[in-house]
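As given, the protein sequences belong to chains A and B, one line each in that order.
Just remember that the working numbering sits 38 ahead of the position in the first sequence, which is counted from 1.
Just remember that the working numbering sits 719 ahead of the position in the second sequence, which is counted from 1.
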Amino acid sequence: MKTIILGVGNPILSDDGVGIHVANQLKQHIHDPDVAIDKALTGGMNLLDLLLGYDKAIIIDAVKTDNGKDGEVKRFPLNSFSTMHSCNPHDVSLTEAIQMAEKLGETRIPKEIIVIGIMMKKLPCEFGENLSEKIAMAVPNAVEMTLNEIRKDN
Amino acid sequence: MANAYLQIPELRGFERFSQGRRAEDMPQITSRICGVCPVAHHFAATKALDAAFNVEPTSAAKKLRELMYCGYIIYDHILHFYYLGGPDFVVGPDAPPAKRNILGVIEKAGLEIGKEVIKHRAYGQKITGILGGKATHPVCGLPGGVSKGLDKDEVKDIEKMGKSCVEFAKFSLKLFDDIVLKNKDYLDLILSDPYTLKTYNMGLVDKNNKVNFYDGKIRVTDQKGREHIKFDGKDYYKIIDEHVEEWSYIKFTYLKDIGWKGFKDGKDSGIYRVGPLGRLNAAEGMATPLADKEYKRFYETLGGKAVNSTLAFHWARLIELLYATEQAMDLIKDPEITSTKIRNPVGEPGEGIGVVEAARGTLIHHYKLDKNGLIDKANLIVATTNNAGAINMSIRDAAKGVIKKGKVNDGLLNMVEMAFRAYDPCFACATHTLPGGMPLEVDIYDNDRRLYKTIRQNI
């Protein structure tokens, strides 16, 4: 089984880039030729392009929440989101991109797509390369949860 | 309905963030400001570095940059028309939101067309990727040139894709003709008052006053399409000023000589528009034959210059798509495109301003470097800032035009959304919310400024 782990976020928008930080750490823990680790500052259509051809995809990203706590790490199946990351007005959501690809007969879509989300009440509006304290503390948890996900499959 | 505003939480602090960084990193850093138009930021930054390091890129490097830029316009404009703006027309402005998307477009236009859309958007990305090293966040721009040339196999690849893109652009214009222009209701909607705004227009033009995305002078025309001013990008701060409103983080740009007169259109107000419609209005034609023919038809159909109909942005965008494909073909056939003279040595660091046309409008980068080549000061005027005043007026006018006696429903809200969607704005909102969806909140106030009602979508 081929798996891709994708850290998603903007590395110059502080906490938004937490997925990238997690992906960087995972590289030190995973040396399995069937598990690819990549980083992406993109969403929607471009994100889908990166997932094609794998059996399973694990997306690590910041998630805005009203109910959760800052720095909490949660696992979701992709279909709990109707949109992700690219709900800027110039892209479609990953879910929409997948639905469309399915409709057009694309056969390389991963059978399982899950999201490891790092919760935050507010997304940053200030540029910066460092994570805030609470979000930085979440990184080891997100790493562990991702490693568990891989172990479970083996 | 007295008024309507568009509020966006803008990203802040870029100037401080870039201070002290190596200038040559700016093309990479700025292309990460937001994921919408990285290629435009990449080249605005690279051109600002050309100027700041006192170096003129080689002729081949300029052509390679412009070719890559065409690839970017191809994928960006295709995405907007088919995925974002097109559903309003192809599926219908008051269709239920669940249908008013690319899936609805495919349902109506057919699976085969869906496949063509995907294929040609990917071609635009591939062309950009071959030239830029990476499709989404290119790494090729250097002061004085580019880091990578083209070999003969790559030229063949790009030529094949470009040829197919020309045909697809022609097809897209025909589709627009059949679905929109031949439908009297749509044509009336395009020409209707709530979607009309008589502002100045701005865009880059070449020496013949034809639309150009990568290079040239900035031309401003008035409400009748007559030249108001033409200037070098490096003089932008003499021509453009910024106005601040207490209710928005966005600064509203306007023409200094006319002045800020509030959210008004007409010749006495300094507000201008950029982007596809702004560019077409600011120019006197397209530099390639097929696009130029469409340009003429555009003005014949919509009543001469300037076209002030906001919804005409969509048609203008497709004309630009055709131009970008034709221009890409001209460039790839140019014998110089495989030249290995792709970089000139840089001079001493100083100050530089770079201007390009992002898909959504004029984009300006301005850097001051210290003697070690580190950034001392950076100022960016992005496309959507240039359109901010006009976008606010457009949603106000649309809201006034379609919302009567305080009755608001989803179809009417979409008619208001259509007014800002036409601009293809790039608010770097980077929002990933649970349960998801474009978060939108409409607050309605009574005439004593008391909150009367809030309508929320995906919040």
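The beta carbon of each residue, even a glycine, is placed where N, CA and C say it ideally should be.
Check the Cβ-Cβ distances between residue i and every residue of chain B, and say whether any is below 8 Å.
| i | result |
| --- | --- |
| A:L79 | yes |
| A:I50 | yes |
| A:Q63 | no |
| A:M39 | no |
| A:L142 | yes |
| A:N84 | yes |
| A:M138 | yes |
| A:G45 | no |
| A:G109 | no |
| A:G166 | yes |
| A:E134 | yes |
By the 10 Å Cβ neighbour count, where 16 or more other Cβ atoms means buried, how is residue i classified, buried or exposed?
| i | result |
| --- | --- |
| B:W979 | buried |
| B:R1168 | exposed |
| A:L169 | buried |
| B:V963 | exposed |
| B:H839 | buried |
| B:Y724 | exposed |
| B:K901 | exposed |
| A:R146 | exposed |
| B:Y1042 | buried |
| B:S778 | exposed |
| A:L86 | buried |
| B:F1032 | buried |
| B:A1102 | buried |
| B:T1173 | exposed |
| B:P1154 | Since pLDDT at B:P1154 reaches only 36, below the 50 mark, its modelled position is unreliable, and no value is offered. |
| B:L830 | exposed |
| A:K190 | exposed |
Residue i CB to nearest chain A CB: under 8 Å?
| i | result |
| --- | --- |
| B:T1057 | no |
| B:L1082 | no |
| B:Y1171 | no |
| B:R1036 | no |
| B:I837 | yes |
| B:L1153 | The predicted model places B:L1153 with a pLDDT of 38, which falls under 50 and marks its position as unreliable, so this point remains unresolved. |
| B:R751 | yes |
| B:V748 | Correcting the residue identity first, residue 748 of chain B is Ile in this sequence and not Val. Answer yes: the Cβ-Cβ gap between B:I748 and chain A drops below 8 Å somewhere. |
| B:G848 | no |
Flag this pair as yes or no: are the beta carbons of residue i and residue j separated by less than 8 Å?
| i | j | result |
| --- | --- | --- |
| B:D806 | B:G823 | A small fix is needed here, since residue 806 of chain B is Pro in this sequence, not Asp. Yes, they are a contact pair. |
| A:I151 | A:A78 | no |
| B:R1062 | B:Y1142 | no |
| A:L64 | A:V181 | yes |
| B:Y791 | B:V758 | yes |
| B:V924 | B:K936 | yes |
| B:I1038 | B:V874 | no |
Starting from the beta carbon of residue i, find every residue of chain E whose beta carbon is closer than 9 Å, and list them in chain order.
| i | result |
| --- | --- |
| B:H856 | The chain inventory of the structure shown lacks chain E, comprising the protein chains A and B. |
Of the residues the options, which one's Cα is nearest the Cα of residue i?
| i | options | result |
| --- | --- | --- |
| A:E164 | A:I43, A:N48, A:I42 | A:N48 |
| B:K1024 | B:E946, B:G804, B:R751 | B:E946 |
| A:M138 | B:K834, B:F808, B:V809 | B:K834 |
| B:H760 | B:V774, B:N773, B:M745 | B:M745 |
| A:N186 | A:I50, A:N105, A:R113, A:K107 | A:R113 |
| A:I58 | A:I156, A:D108, A:I136, A:D191 | A:I156 |
| A:E167 | B:D1129, B:S737, B:I797 | B:S737 |
| B:A814 | B:G1130, B:I1163, B:M1137, B:A764 | B:G1130 |
| B:S1058 | B:L1082, B:V810, B:G864 | B:G864 |
| B:L1082 | B:G1066, B:I1100, B:D907, B:K1090 | B:I1100 |
| A:T80 | A:P148, A:G55, A:S118 | A:G55 |
| B:G1092 | B:N722, B:E743, B:D934, B:E734 | B:E743 |
| B:C859 | B:M1048, B:V774, B:L783 | B:L783 |
| B:P816 | B:F1139, B:M1134, B:Y1164 | B:M1134 |
| B:L1030 | B:P913, B:Q747, B:R741, B:T847 | B:P913 |
| B:L974 | B:I821, B:K983, B:V1026, B:I959 | B:I959 |
Checklist entry - Does the count of Cβ pairs from the region 913 to 922 of chain B and the region 762 to 771 of chain B closer than 8 Å reach three? => result Touching, no.
Checklist entry - Within the chosen definition, does the region 982 to 997 of chain B reach the region 1006 to 1021 of chain B through at least 3 CB pairs nearer than 8 Å? => result No: fewer than three Cβ pairs fall under 8 Å.
Checklist entry - Can we say the region 948 to 963 of chain B touches the region 1061 to 1076 of chain B, given the rule of at least three CB pairs closer than 8 Å? => result Contact annotation: the region 948 to 963 of chain B touches the region 1061 to 1076 of chain B, with at least three C-beta pairs closer than 8 Å.
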